[in-house]
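Student: Here it is, the structure in full.
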Amino acid sequence: MRLKRLILSWLFILAITTGSIYASNTDNHATPLDTKAEEEVYVSKTIPQMLVSFYYTTGLKALISPKDGVKTSDGKEMSHFAQGLGRIIMFGIVFLLFYLAIAKQFEPLLLLPIAFGGLLANIPIANMTGDHGMLGIIYNMGIANEFFPLIIFMGVGAMTDFGPLLSNPKTALLGGAAQFGIFGSLVGAAMLTEYTGIFDFTLKQCSAISIIGGADGPTSIFIASALAPELLGAIAVAAYSYMALVPVIQPPIMKALTTVEERRIVMKTTRKVHRLEKLFFPIVVVMMTALFLPDAAPLMGAFALGNFAKESGVVDRLSNEMQNSLINIVTIFLGLGVGSTLASDKFLVVETLGIMVIGLVAFAAGTAAGVIMAKIMNKLSKEPINPLIGAAGVSAVPMAARVVSKVGSEARPGNVLLMHAMGPNVAGVIGSAVAAGVLLSIFN
Amino acid sequence: MEVDLVAESIKFMILGMLIVLIFLMVLVEIMKLQARLINKYFPQKAPTAPTPNISQDEESKRVAAIIAAVAEFRKNQNK
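From first to last, the protein sequence lines are chains A and B. The numbering used here puts the first residue of the first sequence at 1011, with every later residue one more than the last. The numbering used here puts the first residue of the second sequence at 982, with every later residue one more than the last.
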């Protein structure tokens, strides 16, 4: 045993010493060799030389000693920080996202592929996000051209039941009021730029960030890739993490704005909705989009198609496909594509911090506006309206509605607000698509 | 910087909230209208659950018929 180890260590030392001699020799000749690289033939190397040159191809080397001339996926010079420490920080962030997705169940369906995309995007040398890299191909295939979010929206449409909204149409206004989260935070983002001097957002970027307040993942990604693709990663991560945090963010705001008596209000049971009403609804939405807001047509069109397929009752195969396999496949691609924007050079910028702050404000403002609107409606309308359901106006289907139901039943056990909250909840999806259309129309 | 970002964004907010609310208000009115029209011209059939209406007697007659039919079918098959 000992003999064997002795021989091995001797061999090793020998290898290193000869290797270093060879290495110094080849260093001298390196330049003339490189110039005639065109017809370069295979040069025999010793084992130590091969080990050394292999080391130069490892990520370890690239992380430890960044070099000049490395390009980011969009062809810019990559800073040394982004190549080295930045990537290591991103690995840490990605692991945190894994933890949130798996242990805390934060929107795992999207956060997990996004985080994994981020992990792959930060592998040095591999250039996964380049035009010919796996993530780059996915990104160009469906994110750069805003295609994937629409397919997701189609699936969401096929999963959405507008019955609760149709049975009590006026709750749609709550879904409108909650869009104040978008526009309020748009002003907030502009103020941050104007008065703090830390951030330098353009109007387009402000708009793209504020759409986080719509609490709707596909809409956020759609708008971000249309208006500010450079911020897409941070916007998507903020949107999905805050959506997952709805049960934490919303209840304190809801409780602060309502009295216990208001929270205890019992609402009338919903009426039964005629099948034809449900069938006509997506067509009505598309026609209204066509007349008033063609810029929202991609979002509304996809959404209405999914819903129409479901409510028609004759194309169950298509509707099931949209709700299941199609949306699942696209979710994988969407996640990886968004994850590709978590490359250190794009994500580790001061703007990300601003996006996280504004996103949180947007969620809070949307919730507050919805609740206040519901309070006003409760005062004006004959039928009692529990102000809590206004909070469901930020989309985040169906999480926000569940939160409303939970807070409601805390105030009065047995008071089930879920179906009443679903009305503003699905109206919120339409509301944020309209808001998205307005933002797009301003810049077109 | 030429444009005042804040002033501009406040304009966006007014326009945006206005359009969103108007869009949804129109939608609400259309929903109400169509609910009224549909329920007027295509009234929801009163809950016509057929099974509970069938009396016990009728049910047993049915079962008898089915049993007879199956028996007849089996007999023919065995031939």
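Ideal Cβ positions, reconstructed from N, Cα and C, are used throughout, including at glycine.
In the stretch 1188-1216 of chain A, which residue ranges form an unbroken alpha helix (DSSP H) of at least 4 residues, counting only runs that do not cross its ends?
Tutor: Runs of the alpha helix (DSSP H) inside the stretch 1188-1216 of chain A: 1190-1201.
Student: Between K1013(B) and chain A, is any beta-carbon pair separated by less than 8 Å?
Tutor: Numbered from 1 along the second sequence, position 32 holds the residue referred to as residue 1013(B). It does; some Cβ of chain A falls within 8 Å.
Student: Check whether the stretch 1391-1409 of chain A and the stretch 1267-1279 of chain A touch, using three or more Cβ-Cβ pairs below 8 Å as the test.
Tutor: Result yes; three or more Cβ-Cβ pairs closer than 8 Å.
Student: Determine the DSSP secondary structure at K1081(A), reduced to helix, strand or coil.
Tutor: What you label residue 1081(A) is simply residue 71 of the first sequence in a count that begins at 1. It is a strand residue.
Student: Mind pulling the chain B residues with CB within less than 9 Å of M1298(A)?
Tutor: Position 288 of the first sequence holds residue 1298(A). What M1298(A) touches in chain B: F1004, V1007, L1008, I1011.
Student: Quick one: what does DSSP say E1272(A) is sitting in, helix, strand or coil?
Tutor: Numbered from its first residue, the first sequence carries residue 1272(A) at position 262. Three-state result, E1272(A): helix.
Student: What is the C-beta distance between M1310(A) and L1183(A), in whole angstroms, given that I count them as a contact (C-beta under 8 Å)?
Tutor: The sequence position of residue 1310(A) within the first sequence is 300, counting from 1. The sequence position of residue 1183(A) within the first sequence is 173, counting from 1. The Cβ separation is near 18 Å, so there is no contact.
Student: Can you grab the Cα-Cα spacing for the pair F1480(A) / T1067(A), in whole Å?
Tutor: What the structure shows of chain A is the stretch from 1011 to 1454, and residue 1480(A) is not part of that stretch, so it cannot be assessed.
Student: Should N1454(A) go down as buried or exposed, given a rule of 16 or more other Cβ atoms within 10 Å for buried?
Tutor: For the purposes of this step, residue 1454(A) is identified with residue 444 of the first sequence, where counting begins at 1. With fewer than 16 Cβ atoms within 10 Å of its Cβ, N1454(A) is classed as exposed.
Student: Is there at least one Cβ from chain B nearer than 8 Å to H1430(A)'s Cβ?
Tutor: Against the first sequence, residue 1430(A) aligns to sequence position 420. So no, H1430(A) is outside the interface.
Student: Evaluate contact between the stretch 1180-1194 of chain A and the stretch 1326-1338 of chain A, counting only Cβ atoms and requiring at least three cross-stretch pairs below 8 Å.
Tutor: At 8 Å Cβ cutoff, the stretches do not touch.
Student: Rounding to the nearest angstrom, what Cα-Cα distance links L1043(A) and L1145(A) in this structure?
Tutor: Along the first sequence, read from residue 1 onward, the residue named residue 1043(A) stands at position 33. Along the first sequence, read from residue 1 onward, the residue named residue 1145(A) stands at position 135. The predicted position of L1043(A) is uncertain, since its pLDDT is 48 and thus under 50; no value can be drawn from it.
Student: Just to make sure I have the definition right: I need the residues of chain B whose C-beta is within less than 7 Å of the C-beta of F1193(A). Which are they?
Tutor: Walking along the first sequence from the start, residue 1193(A) turns up at place 183. Going along chain B in sequence order, the residues near F1193(A) (Cβ under 7 Å) are F993, M994, G997, M998.
Student: Based on Cα-Cα distance, which residue from P1408(A), Q1333(A), A1125(A), K1416(A) lies nearest to I1162(A)?
Tutor: As a position in the first sequence, residue 1162(A) is number 152, starting the count at 1. Checking every option, the nearest Cα to that of I1162(A) belongs to Q1333(A).
Student: Alpha carbon to alpha carbon, how far is L1070(A) from F1313(A)? Give it in angstroms, no decimals.
Tutor: As a position in the first sequence, residue 1313(A) is number 303, starting the count at 1. As a position in the first sequence, residue 1070(A) is number 60, starting the count at 1. Using only the alpha carbons, I get a separation of about 46 Å.
Student: Would Q1441(A) count as contacting chain B if we go by Cβ distances under 8 Å?
Tutor: Within the first sequence, residue 1441(A) is the residue found at index 431, counting from 1. At residue 1441(A) the sequence reads Gly, which differs from the Gln that was named. So, interface residue.
Student: So what does DSSP say about E1050(A), is it helix, strand or coil?
Tutor: Taking the first sequence and counting its residues from 1, the one referred to as residue 1050(A) is at position 40. It is coil, neither helix nor strand.
Student: Exposed or buried, what is D1141(A) when buried is set at 16 or more other beta-carbons lying within 10 Å of its beta-carbon?
Tutor: Residue numbering aside, residue 1141(A) sits at position 131 when the first sequence is read from its first letter. Answer is exposed; the Cβ neighbour count stays below 16.
Student: Hey, quick one: how far does the alpha helix (DSSP H) through L1427(A) stretch, first residue to last?
Tutor: As a position in the first sequence, residue 1427(A) is number 417, starting the count at 1. That residue, L1427(A), is in no alpha helix (DSSP H); it is neither H nor E in DSSP.
Student: Looking only at DSSP bridge pairs, what is E1087(A) linked to?
Tutor: Sequence index remark: in the first sequence, residue 1087(A) carries index 77 (1-based). E1087(A) is bridged to K1081(A).
Student: Exposed or buried, S1462(A), counting other C-beta atoms within 10 Å across all chains shown (16 or more means buried)?
Tutor: Residue 1462(A) lies beyond the stretch modelled for chain A, which goes from 1011 to 1454, so this question has no answer here.
Student: Kindly indicate which three-state DSSP category M1264(A) falls into: helix, strand or coil?
Tutor: The residue you call residue 1264(A) lines up with position 254 of the first sequence. DSSP places M1264(A) in helix when its eight states are reduced to three.
Student: Return helix, strand or coil for T1041(A), following the three-state DSSP convention.
Tutor: For this step, residue 1041(A) is matched to residue 31 along the first sequence. The pLDDT assigned to T1041(A) is 47, lower than 50, so where the model puts this residue is not dependable; a value taken from the coordinates is nonetheless given after this. The answer is helix: DSSP assigns T1041(A) an H, G or I state.
Student: Using a C-beta to C-beta distance shorter than 7 Å, which residues of chain B count as neighbours of E1287(A)?
Tutor: As a first step, residue 1287(A) is located in the first sequence; it is residue number 277 there, counting from the start. Here the neighbours are Q1015, A1016, I1019.
Student: Y1205(A): buried (16+ other C-beta within 10 angstroms of its C-beta) or exposed?
Tutor: Here residue 1205(A) corresponds to residue number 195 of the first sequence, with the count starting at 1. Exposed, since its Cβ has fewer than 16 Cβ neighbours within 10 Å.
Student: With 8 Å set as the bound, which would you pick, yes or no: does the beta-carbon of G1224(A) sit closer than that to a beta-carbon of chain B?
Tutor: Residue mapping note: residue 1224(A) aligns to position 214 of the first sequence, counting from 1. It does not: the Cβ of G1224(A) has no partner Cβ on chain B nearer than 8 Å.
Student: Determine, using beta carbons only, whether I1365(A) and L1241(A) come nearer to each other than 8 Å.
Tutor: As a first step, residue 1365(A) must be located in the first sequence, where it is residue number 355. As a first step, residue 1241(A) must be located in the first sequence, where it is residue number 231. It is a contact, given that the beta carbons lie within the stated cut-off.
Student: What residue range does the alpha helix (DSSP H) around M1138(A) cover?
Tutor: Here the question's residue 1138(A) lines up with position 128 in the first sequence. Segment: none, M1138(A) is in no alpha helix (DSSP H) and carries neither H nor E.
Student: Determine the extent of the alpha helix (DSSP H) in which Q1115(A) is found, giving its start and end residues.
Tutor: Numbered from 1 along the first sequence, position 105 holds the residue referred to as residue 1115(A). Premise fails: Q1115(A) is in no alpha helix (DSSP H) and is neither H nor E.
Student: Is there at least one Cβ from chain B nearer than 8 Å to E1204(A)'s Cβ?
Tutor: Here residue 1204(A) corresponds to residue number 194 of the first sequence, with the count starting at 1. Chain B, which has a Cβ nearer than 8 Å to the Cβ of E1204(A), makes this yes.
Student: So with CB distances below 7 Å, who are the chain A contacts of V1051(B)?
Tutor: As a first step, residue 1051(B) is located in the second sequence; it is residue number 70 there, counting from the start. Those within 7 Å of V1051(B) in chain A number zero; the least Cβ separation is about 32 Å.
Student: Helix, strand or coil for I1395(A)? Go by DSSP, reduced to three states.
Tutor: Mapped onto the first sequence, residue 1395(A) falls at position 385. Three-state DSSP puts I1395(A) in coil, outside helix and strand.
Student: Below 8 Å between beta carbons: does that hold for G1167(A) and N1317(A)?
Tutor: The residue given as residue 1167(A) occupies position 157 in the first sequence. The residue given as residue 1317(A) occupies position 307 in the first sequence. Contact: yes.
Student: Starting from the beta carbon of K1180(A), find every residue of chain B whose beta carbon is closer than 7 Å, and list them in chain order.
Tutor: Looking up residue 1180(A) in the first sequence gives position 170. Going along chain B in sequence order, the residues near K1180(A) (Cβ under 7 Å) are V1009.
Student: To the nearest angstrom, report how far apart V1186(A) and L1002(B) are at their CA atoms.
Tutor: The residue you call residue 1186(A) lines up with position 176 of the first sequence. The residue you call residue 1002(B) lines up with position 21 of the second sequence. Going by the sequence as given, residue 1186(A) is Gly instead of Val. One C-alpha to the other measures close to 5 Å.
Student: Taking the C-alpha atoms as reference points, what is the distance between I991(B) and A1246(A)?
Tutor: Your numbering for residue 991(B) matches position 10 in the second sequence. Your numbering for residue 1246(A) matches position 236 in the first sequence. Approximately 24 Å between the Cα atoms of the pair.
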